[in-house]
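Everything in the sequence shown is counted per UniProt numbering, starting at 1 for the first residue and increasing by one. First up is the structure itself, then whatever we jot down about it.
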Amino acid sequence: MRPATSSTNIISPMKILTHLLMVFVFMLSQTTANDFNKSLEEKALLATNWWPHANVSDRHCNWTHIDCNEAGSVIGIHFYYDNLEGDLGSLDFSSFPNLVRLYLDDCGVEGSIPEQIGLLSNLTELSLYWNRLKGDLPVSLANLTRLEHFDLSGNSFRGNLPVSFTNLTHLKYIDLSGNKFSGNLHVSFTNLISLQYLDLSGNNFSGNLPVSFVTLIHLEHLDLSGNSFTGKLPVSFTNLTHLKYLNLSKNQFSGPIPPTYGSMVNLTDLDLSTNQLNASIPNQITHLQNLRSLNLGDNNFDGPIPSDICNLSQLYTLDVGMNSISGHIPLCIPNMMKLQEVDLKHNNLVGTVHGNLSRLSYLDVSSNQLSGNLSFHIPCMLRHLDVSLNVITGAIKSLRVCKDLQYLDLSCNNFVGKQLEELDFSYLEFLNQSLNHNLTAFGPNPSLVQDSEIGLSFNASNEQSTCKQHMPRNKLVHFIIIFLPIIVGLCFLLLGCVCYSNRRATKKINQPETKKHGNVCSILNYDGTIAYEDFITATEDFDLKYCIGTGGYGSVYEAKLPDGQIFALKKLHRFETEQFNKSFKNEVQVLTNLRHKNIVKLYGFCLHNKCNFLVYEYMERGSLFCALSDNELAVQVDWLKRVNIIKDVAHALAYMHHDCSPPVVHRDISSNNVLLNSELEGFVADFGAARLLDPDFSNQTVIVGTLGYIAPEHAYNMIVTEKCDVYSFGVVALETIGGKHPGELISSLNYLTGHDAKLENILDKRLPYPTNRLIEKKIMCAYNVALACILPDPKCRPTMRNVTRELSC
């Protein structure tokens, strides 16, 4: 027995040693394999040229835009709004067996999705939105069986969805909007039982909707708008009990709304507009207690508005315009507490509009058969009001309490009393009171006067406005058919009035009288009189302690009158009065014809033998330049406010360039000429250098503007175009995002590739990096627009109208 025991004791250590040796060899082989895989990953990343400044001596897991697991293998690649400008096929997918997340969003990536993508068997999130990708979707996508998030929106993919798409049973989010997919939806959605979000909008899909939609029992968001789907609205949608958002607009659906849609009680947004739906609106729609937005406009609905519509206590937007709806407007609509926007235009509604309209912000009841009076009370929230082409009567003076109105159309009614003036409102951009034969106009507007009289030169008559104001096409057709004989006669009469009025205004501007009429005028709705001496007293004869800014054409002073009213006075430097007299008159003449909420309001002016000054709306927060220069105030101007300021300036310039005839070019857009009110909203100011572009004459001029904001072509050929403002806007936008003038960065940005111009290197470091992805997206959108605006070739810069569209992202 002992020898056996001894033998056992000898053998056991040998077995252990052998086992340890095998483990060591296995671990060594694994380490070598891992190192080999890491080497493959690093080579594949470098081959894309997406990391031109990567430190190759450092581990690739330390590079930007890369996530690795504990073993050092790449599990995430994420680029947002970087200008990669490469082909998606340059990324060797076979080198990333552990990749879980791939985000290449708005990066300028081109080409098509390679079949090789099917090798990413561990992928759960794939997002390639807003790129330049095209072609058909590869069949190999069906191999991504773990995929949960799939976003290809904003590309140019075509064809149909692969039938094998149904194998992706873990999908929760699908966004294929804004592509060129077409044909019938042959894909079966039966197996996609986890799907919560589906957006196929903005494609060319056609035919009937697949029956398999009924299986998407967890779906919360469904957007099929902007396609060519036909047939009846699927009754089976009522089985989608979790649905909150349903948008089937801009298709070719026909027939009635199924009454069973009233059982989708979780719906918050329902949009069936711009189809061919008919019959009456089912009363069951009023059972959708959580509905915030209901849009049934531009269909063929008839019958009345459901009487129980006011049961929708959460409703914010109601649109049933462009139908054939008849009957009365339910009495309770204007009194629904959360309702803000109501569109009932182009129907056959009769009766009166009852209740307090003042709590709404948008109301369009044009082209109906409404009568009676309108009532408005303080506080009035209305910004858009269109009651044209009805038979409404009564006085309109109560509308003066709606100071925030931007659009007001009262034409073709039976209103009585005195007309409204544009000066009755703070932000009015459109006013039409024509063809109310019992309305009487006020006397002629004060025009530019002389010496110590302060005058207002605003045009109250919209017929004389220099800016385009067009009625919608269908309304215009209706209007012409009914009133053509009257229009012909009025055109000749108005033409004569306009010519006479313009001649008088021009004469007064260019040849002011020397006779004094007293130092008094009315300023907008200011009750009482203001004399020249009042401003002198308020500023202690323009003492420097009241000076709040100095520009190329004068200094700005704060003037607080005894009643508490505060104005900003822009006074020409006395030693420059003769030199800048033309600029002074130019600014008055231009501003009197501009109507936009983001252009600083000119209240009046003074021509005096001692000094000339303009009277402006006072902006509490001063200029954008001052706000960005002050560390404390700069922090208050957060990312969302900065993006909105950029949008404000863009909208003002788009109005000047595209909605005025002739176009107005500012020529001195800078952060000093963007003013901020108490809400930190942006306003364009200082029109001393503004120029009207006449297409029939040369637009060559002397160089004007602020150094650092002047477009390069204006500096060497002195030709002014709208693209000069576009360039200056781009500089201001970059300054707003970065917190300081971009300086040398401007020239470098024109030559840098997208890899070099990183957003995190541009942002103002005084604000924390935006963690909200939506805000980050808005900033990046504004940044990309700004880069396009400062391109050296003016032909390559976008127009301001295109800029505003891009900034709506």
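Positions of the beta carbon are idealized from the N, C-alpha and C atoms, including for glycine.
Would you please state the rounded distance, in angstroms, between the beta carbons of S112 and G86? I believe it to be under 8 angstroms.
On the sequence shown, position 112 is the one that residue 112 refers to. On the sequence shown, position 86 is the one that residue 86 refers to. The Cβ separation is near 13 angstroms, so there is no contact.
Can you give me the Cβ contacts of residue 862 inside the same chain, cut-off strictly under 6 angstroms, excluding the 5 residues immediately before and after it?
Nothing about residue 862 can be reported from this structure: the residues present for the chain run from 1 to 809 only.
Using DSSP with H/G/I as helix, E/B as strand and the rest coil, what is residue 828?
The structure shown does not extend to residue 828, since the chain is modelled only from 1 to 809, so the question has no answer here.
I'd like to know whether the C-beta atoms of M800 and H658 end up nearer to each other than 8 angstroms.
Residue 800 sits at position 800 when you count from the first residue of the sequence shown. Residue 658 sits at position 658 when you count from the first residue of the sequence shown. Yes, Cβ-Cβ distance for M800 and H658 is below 8 angstroms.
The ligand SAM heavy atoms versus the CB of I775: any closer than 7 angstroms?
No copy of the ligand SAM occurs in the structure displayed, which carries no ligand at all.
Starting from Y173, trace the beta strand (DSSP E) both ways and give me its first and last residue.
Numbered from 1 along the sequence shown, position 173 holds the residue referred to as residue 173. Counting along the chain, the beta strand (DSSP E) containing Y173 begins and ends at 173–175.
Name the DSSP beta bridge partners of E620, please?
Within the sequence shown, the letter at position 620 stands for residue 620. Looking at the DSSP assignment, E620 forms no beta bridge with any residue, so it has no partner.
When the Cα atoms are used, what is the spatial distance from L763 to P663?
As a first step, residue 763 must be located in the sequence shown, where it is residue number 763. As a first step, residue 663 must be located in the sequence shown, where it is residue number 663. About 33 angstroms.
Can you grab the Cα-Cα spacing for the pair M322 / S249, in whole Å?
In the sequence shown, residue 322 corresponds to position 322, counting from 1. In the sequence shown, residue 249 corresponds to position 249, counting from 1. When only Cα atoms are considered, M322 and S249 end up about 14 angstroms apart.
Compare the Cα-Cα distances from T241 to each of Q252, M264, L624, L224 and report the closest residue.
Position 241 of the sequence shown, counted from the first residue, corresponds to residue 241. The shortest C-alpha separation from T241 is found at M264.
Quickly, what does DSSP pair Q369 with across the bridge? List them, please.
Taking the first residue of the sequence shown as 1, we reach residue 369 at position 369. BP columns for Q369 point to V350.
How long is the line joining the alpha carbons of P770 and M780, rounded to whole angstroms?
One-based indexing of the sequence shown puts residue 770 at position 770. One-based indexing of the sequence shown puts residue 780 at position 780. Between P770 and M780, the C-alpha separation is close to 11 angstroms.
Taking a contact to mean a Cβ-Cβ separation below 8 angstroms, would you say I635 touches A627 in this structure?
The residue given as residue 635 occupies position 635 in the sequence shown. The residue given as residue 627 occupies position 627 in the sequence shown. The amino acid at residue 635 is misidentified as Ile; the sequence shows Val. Cβ atoms of V635 and A627: not closer than 8 angstroms.
Going straight from the alpha carbon of S57 to that of E125, what length do you get?
Here residue 57 corresponds to residue number 57 of the sequence shown, with the count starting at 1. Here residue 125 corresponds to residue number 125 of the sequence shown, with the count starting at 1. Taking the straight line joining both Cα atoms gives about 30 angstroms.
Is it buried or exposed for N598, if we count other Cβ within 10 angstroms and need 16 for buried?
Taking the sequence shown and counting its residues from 1, one reaches residue 598 at position 598. N598 comes out buried.
For F157 versus S182, is the C-beta distance shorter than 8 angstroms?
Walking along the sequence shown from the start, residue 157 turns up at place 157. Walking along the sequence shown from the start, residue 182 turns up at place 182. Cβ distance not < 8 angstroms, so F157 and S182 don't count as in contact.
Throw me the rounded Cβ distance for the S371 and V387 pair, which I believe falls under 8 angstroms.
Position 371 of the sequence shown, counting from 1, holds the residue named residue 371. Position 387 of the sequence shown, counting from 1, holds the residue named residue 387. With a Cβ gap of about 11 angstroms, S371 and V387 do not count as contacting.
Considering only residues of the same chain and omitting the five flanking positions on each side of E540, which have a CB-CB separation below 8 angstroms?
Stepping through the sequence shown from its first residue, residue 540 is reached at position 540. Counting only Cβ-Cβ distances below 8 angstroms, and skipping sequence neighbours, we find Y546.
Cβ atoms of R59 and G76: under 8 angstroms apart, would you say?
By 1-based counting over the sequence shown, the position of residue 76 is 76. By 1-based counting over the sequence shown, the position of residue 59 is 59. No, the Cβ-Cβ distance between G76 and R59 is not below 8 angstroms.
Which residue from C61, D668, A47, K560 puts its Cα closest to that of L99?
The residue given as residue 99 occupies position 99 in the sequence shown. Nearest option by C-alpha distance: C61.
Alpha carbon to alpha carbon, what distance is there between I548 and N266?
Translated into positions along the sequence shown, residue 266 becomes position 266. Translated into positions along the sequence shown, residue 548 becomes position 548. Spanning the two alpha carbons is a distance of roughly 54 angstroms.
I'd like to know whether the C-beta atoms of C107 and N83 end up nearer to each other than 8 angstroms.
As a first step, residue 107 must be located in the sequence shown, where it is residue number 107. As a first step, residue 83 must be located in the sequence shown, where it is residue number 83. In contact: C107 and N83 (Cβ atoms closer than 8 angstroms).
Which residue from A685, Y618, L222, N275 puts its Cα closest to that of A559?
As a position in the sequence shown, residue 559 is number 559, starting the count at 1. Here the closest residue by C-alpha is Y618.
Between the beta-carbon of N414 and the beta-carbon of T440, is there less than 8 angstroms?
Residue 414 sits at position 414 when you count from the first residue of the sequence shown. Residue 440 sits at position 440 when you count from the first residue of the sequence shown. In this structure, T440 does not lie closer than 8 angstroms to N414 by Cβ.
In its own chain, which residues sit with a C-beta less than 7 angstroms from the C-beta of L428, not counting the 5 before and 5 after it?
The residue given as residue 428 occupies position 428 in the sequence shown. If we look at L428 and ignore the five residues flanking it on each side, its Cβ neighbours are L405, Q406, L408, E422, R595.
Report the residue from E41, I669, D175, L633 whose alpha carbon sits nearest the alpha carbon of A650.
Counting from 1 along the sequence shown, the entry for residue 650 is found at position 650. Of the listed residues, the one whose Cα sits closest to A650 is I669.
Assign Q419 to one of three DSSP states: helix, strand, or coil.
Working through the sequence shown from its first residue, we reach residue 419 at position 419. Looking at Q419 - three-state DSSP - the assignment turns out to be coil, as it is neither helix nor strand.
Could you give the residue range of the beta strand (DSSP E) that holds L737?
As a position in the sequence shown, residue 737 is number 737, starting the count at 1. The displayed chain sequence assigns Ile, not Leu, to residue 737. Careful: I737 lies outside any beta strand (DSSP E), inside the alpha helix (DSSP H) at 722–738.
Secondary structure at G118, three-state DSSP: helix, strand or coil?
Numbered from its first residue, the sequence shown carries residue 118 at position 118. Of the three classes helix, strand and coil, the one that applies to G118 here is helix, per DSSP.
Can you grab the Cα-Cα spacing for the pair A395 / T274, in whole Å?
Residue numbering aside, residue 395 sits at position 395 when the sequence shown is read from its first letter. Residue numbering aside, residue 274 sits at position 274 when the sequence shown is read from its first letter. Spanning the two alpha carbons is a distance of roughly 36 angstroms.
When you compare only the Cα positions, how much space is there between S367 and L410?
To locate residue 367, count along the sequence shown from 1; it is residue 367. To locate residue 410, count along the sequence shown from 1; it is residue 410. Roughly 11 angstroms separates the two Cα atoms.
Which same chain residues, not among the five before or five after S698, have their C-beta less than 6 angstroms away from its C-beta?
To locate residue 698, count along the sequence shown from 1; it is residue 698. Here S698 scores only 39 on pLDDT, less than 50, and its place in the model should not be relied on; the value that follows carries that caveat. Cβ neighbours of S698 beyond the five flanking positions: none.
Hey, could you find the ends of the alpha helix (DSSP H) V597 is sitting in?
Numbered from its first residue, the sequence shown carries residue 597 at position 597. Checking the sequence shown, residue 597 turns out to be Lys, not Val. Taken as a continuous stretch (DSSP letters only), K597 belongs to no alpha helix (DSSP H), as it is neither H nor E.
Go ahead and pull the three-state DSSP assignment for R101.
Reading the sequence shown from its first residue, position 101 is the one you call residue 101. Three-state result, R101: strand.
Is the CB-CB distance between L168 and L152 below 8 angstroms?
Indexing the sequence shown from 1 puts residue 168 at position 168. Indexing the sequence shown from 1 puts residue 152 at position 152. No; because the gap between Cβ atoms is not below 8 angstroms, this pair is not in contact.
If T48 sits next to L91, beta carbons under 8 angstroms apart, how far is it from one beta carbon to the other, in whole angstroms?
Along the sequence shown, one-based indexing puts residue 48 at 48. Along the sequence shown, one-based indexing puts residue 91 at 91. Rounded, the Cβ-Cβ distance is 5 angstroms, consistent with contact.
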